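Report on the structure given below.
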DNA sequence: CTGTTAGCGCCTTCAC
DNA sequence: GTGAAGGCGCTAACAG
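Protein chains in written order, with this note's numbering: chain A, 936 to 1281; chain B, 936 to 1281.
Written out as structure tokens, the structure is:
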């Protein structure tokens, strides 16, 4: 029988601070462990007792305490989702998909967002106490940081990143071949004078896109102008301005390494230089975010299959939670060319 | 001394499944409770022992188990954040602010996003087991649902919503007066034939904006045309089309109840009807999301003070966590008119 | 199928 | 300032 008997409201009054399984057991006239079983899925319990218990539970507003449960089962049903840059236009889509998928499989999302990549170590210190079952990470982890997850036996999935030395499972969109496709079409349409608006050095996919663009342009004997920005709209405006200046206004095509910058470049080209897009200048992006398809932009870009990628990330993570020690698979998704109307393609 | 002695790696090899405070105590040559004190802030412990313990802890990769701690202290440091519509352009900003603020005050964010408002009850069932310290909710709660939080003694802050019957603390942007300001300027500029593109009925702020617009137009003897959409860009396009049709093309101004729809309307007006904005048609929005200020739109709108609102929500929540039983204050923030270039204002 | 008995890892009195 | 017990709410073997 229950040892604690705080002076509580008599009948089914205020649930106050949360009833325990003992309270429910008492009310239902069964043992505490019966209550426990009633709330676990594969547990053997007679339908009648179960029903009795559920009724009592509802009356008391009882819900099993996840903390007590997690302490024993060593399963918290918590998944950490780490996103560096929530205001990026691209990530909200990802986050929405991830939380939906994770909820659907009985997991809760513990969200971490970073103001700067340097905060990662600090953030890891906030994660460990919660004994998350796994993590999905869209931020640049160092090998050392990946190893900390590995050492603790916490499976992780890197999103649009790959582990450099330390093994890590990952899903990503194939930036290299997406960019190649854009470059090829631009070359085929006769563009020769290129500018590139790239992101900061510390972005994995950003550098991949930049490298790919330069490599394939070099293969055609072309050396593009380069400007670096911060992946946001304003960077696109600044980038276009810088490129126009550096080229003396002689530019055929601009490759931005994401959509936000491409849209900034388009608006700047139209607004500040009165250029017709794509007739006088072709501009391409990457990601296929929502606004890219808006009438004002109709951006020529590569659309990442966000839903499938998120689905894959969740599936892979759950596999690894249920079945520890799986090999660090890397899944690479192809992007889809959205022709749009911001570039002339050949 | 520790009773469990699993056959583990001998030295400081693999931290495996997480060291406990007993492991640390043993290694540091102190009692378990000393370790506990070393990791709690206001606890009395000698600097030297503390240091010894911290060294041992680091060696073992020890971090206190939040589940065990929460079980005793009844404080989980978890805050539920519920957002109905993550892909809304507006909410990512909010979410980013909220997570930053909450992290800064030692709280973890448990994120829930809804595909439909009907999922709320289901979601509440997922929240209770985690004994969150509080919740910030940007979704339409019914009184009954608010009461469940109140009954459990879990403080909540409604974001851009207010409780209808059941008392609830809230922060919101003053939609009514923001809309009034827009309408007044539009009237002053001589607009007479109005169309409104509104959101679905179940949006609190949406209806508030709609009501306010209609009321102030009515005061000027004007009855606007109305089209309802879903708060997204496409709805704005459709809305404009519908209004043009219903008015036979005779329209002076369109009031969209959020920015996304306003931007859709602008693009549609330009693209499908070849109208010059704002010369031939004024279009206004509400929210002041990022893209609204982009060169292609330069939307005339009301900017919500998102940062201050998020800050306020977090502050109010924390107050109520530390000091239960505070009265349900409602904080209303004024929006700022962004004149932009999508409407002629008087 | 049900009740009993140990803990999960930590915080919290309480003596010392 | 430190260590020794007890218990937070629940699950996981066990008997019956």
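A virtual CB, placed ideally from N, CA and C, is assigned to each residue, including glycine. All figures in this text were calculated on a predicted structure; none of them were measured in a lab.
Identity of the residue in B:1072, B:1075, B:1063 nearest residue 1086 (chain B) by Cα: Among B:1072, B:1075, B:1063, the Cα nearest to that of residue 1086 (chain B) belongs to B:1063.
Cβ contact (3+ pairs, closer than 8 Å) linking the stretch 1147 to 1163 of chain B and the stretch 1104 to 1122 of chain B: With a cut-off of 8 Å, the stretch 1104 to 1122 of chain B and the stretch 1147 to 1163 of chain B count as touching, because enough Cβ pairs lie within range.
Same chain, Cβ closer than 8 Å to residue 1275 (chain A), neighbours up to 5 away in sequence not counted: So the list reads 1227, 1228, 1232, 1233, 1234, 1235, 1236, once near-sequence residues are dropped.
Per-residue burial, residue 1214 (chain B) [other beta carbons within 10 Å of its own, 16 or more giving buried]: With a 10 Å radius around the Cβ and a threshold of 16 neighbouring Cβ atoms, residue 1214 (chain B) comes out exposed.
Contacts around residue 1186 (chain B), its chain only, beta-carbon distance under 7 Å, and the 5 residues preceding and following it disregarded: These residues qualify, in order along the chain: 1128, 1130, 1178, 1179, 1216.
Those runs of the beta strand (DSSP E) which lie wholly inside the stretch 1084 to 1155 of chain A and span at least 3 residues: For secondary structure counted as the beta strand (DSSP E) over 3 or more consecutive residues, the stretch 1084 to 1155 of chain A holds these complete runs in sequence order: 1091 to 1094, 1104 to 1108, 1129 to 1133.
Below-8 Å beta-carbon distance, residue 1103 (chain A) vs any chain B residue: By the rule that beta-carbons nearer than 8 Å mark a contact, residue 1103 (chain A) does not touch chain B.
Neighbour-count burial assignment, residue 1158 (chain A), 16 or more Cβ in a 10 Å radius: Counting Cβ neighbours within 10 Å, residue 1158 (chain A) comes out exposed, since fewer than 16 surround it.
Near-chain A residues of the stretch 1062 to 1082 of chain B (beta-carbon distance less than 7 Å), N- to C-terminal order: Listed by position, the residues of the stretch 1062 to 1082 of chain B near chain A (Cβ gap below 7 Å) are 1063, 1064, 1065, 1066.
Inter-residue spacing [alpha-carbon to alpha-carbon] between residue 1098 (chain A) and residue 1078 (chain A): Their backbone Cα atoms lie some 7 Å apart in a straight line.
Sequence ranges, beta strand (DSSP E) only - wholly within the stretch 1192 to 1266 of chain A, length at least 3: You should have 1217 to 1219, 1236 to 1238.
Exposure of residue 1007 (chain A), with buried meaning 16 or more beta-carbon neighbours within 10 Å: Under this definition residue 1007 (chain A) is an exposed residue.
Residue burial classification, residue 1192 (chain B) (beta-carbon count within 10 angstroms, cutoff 16): Looking at its Cβ environment, which holds 16 or more other Cβ atoms inside 10 Å, residue 1192 (chain B) is buried.
6 Å CB neighbourhood of residue 970 (chain A) in its chain, flanking five on each side removed: 956, 959, 960, 988.
Where residue 908 (chain B) sits in the DSSP three-state scheme: The structure shown has nothing for residue 908 (chain B), since chain B only spans 936 to 1281.
Contact with chain B by residue 1206 (chain A), beta-carbon distance below 8 Å: Residue 1206 (chain A) counts as touching chain B.
Under 9 Å (Cβ pairs) to chain B, residues found in the stretch 1255 to 1280 of chain A: The stretch 1255 to 1280 of chain A vs chain B, Cβ under 9 Å: nothing.
8 Å Cβ cutoff, residue 1286 (chain A) in contact with chain B: Outside the displayed span of chain A (936 to 1281) sits residue 1286 (chain A), for which this structure offers no information.
C-beta neighbour in chain B for residue 1168 (chain A), strict 8 Å: For residue 1168 (chain A), a Cβ of chain B is located within less than 8 Å of the residue's own Cβ.
Contact list for residue 1048 (chain A) against chain B, beta-carbon separation under 9 Å: Neighbourhood of residue 1048 (chain A) in chain B, by CB distance below 9 Å: 1030, 1031, 1034, 1035, 1038, 1044, in chain order.
Any 3 or more C-beta pairs closer than 8 Å across the stretch 1240 to 1260 of chain B and the stretch 1046 to 1064 of chain B: Short answer: they don't touch.
C-beta neighbour in chain A for residue 1164 (chain B), strict 8 Å: For residue 1164 (chain B), the answer is no, since every Cβ of chain A falls outside 8 Å of its Cβ.
C-beta neighbour in chain A for residue 1141 (chain B), strict 8 Å: No - not a single Cβ of chain A is within 8 Å of the one on residue 1141 (chain B).
Minimum Cβ-Cβ distance from residue 1244 (chain A) to chain B less than 8 Å: Not closer than 8 Å to any Cβ of chain B, the Cβ of residue 1244 (chain A) fails to qualify, so no.
Status (buried if at least 16 other CB within 10 Å, exposed otherwise) for residue 1038 (chain B): Label assigned to residue 1038 (chain B): buried.
Residue 1148 (chain B) classed as buried or exposed, judged by whether at least 16 other C-beta atoms fall within 10 angstroms: Residue 1148 (chain B) is buried by the Cβ-count criterion.
Cα-Cα separation, residue 1258 (chain A) to residue 1264 (chain A): Residue 1258 (chain A) and residue 1264 (chain A): Cα-Cα distance of roughly 14 Å.
Any 3 or more C-beta pairs closer than 8 Å across the stretch 1158 to 1177 of chain B and the stretch 1100 to 1108 of chain B: Touching, no.
Per-residue burial, residue 1034 (chain B) [other beta carbons within 10 Å of its own, 16 or more giving buried]: Taking all protein chains in view, the Cβ of residue 1034 (chain B) is crowded by 16 or more other Cβ atoms within 10 Å, so the residue is classified as buried.
Per-residue contacts from residue 1129 (chain B) into chain A (C-beta, under 8 Å): Result: empty, since nearest Cβ-Cβ is about 23 Å, beyond 8 Å.
Exposure of residue 986 (chain A), with buried meaning 16 or more beta-carbon neighbours within 10 Å: Exposed, by the Cβ-count rule.
Residues of the stretch 978 to 1004 of chain B with Cβ closer than 8 Å to any Cβ of chain A, in chain order: From the stretch 978 to 1004 of chain B, only 996, 998, 999, 1000, 1001, 1002, 1003, 1004 have a Cβ closer than 8 Å to chain A.
Helix, strand or coil at residue 1048 (chain B) according to DSSP, with G and I counted as helix: Residue state, collapsed to three classes: strand.
N- and C-terminal bounds of the beta strand (DSSP E) containing residue 1160 (chain A): Looking at the DSSP string, the run of the beta strand (DSSP E) that includes residue 1160 (chain A) is 1160 to 1163.
Chain B contact for residue 1198 (chain A) (CB, 8 Å cutoff): By this cut-off, residue 1198 (chain A) is an interface position.
Span separating the alpha-carbon of residue 1016 (chain A) from that of residue 1136 (chain B): One alpha carbon belongs to residue 1016 (chain A), the other to residue 1136 (chain B), and they sit about 33 Å apart.
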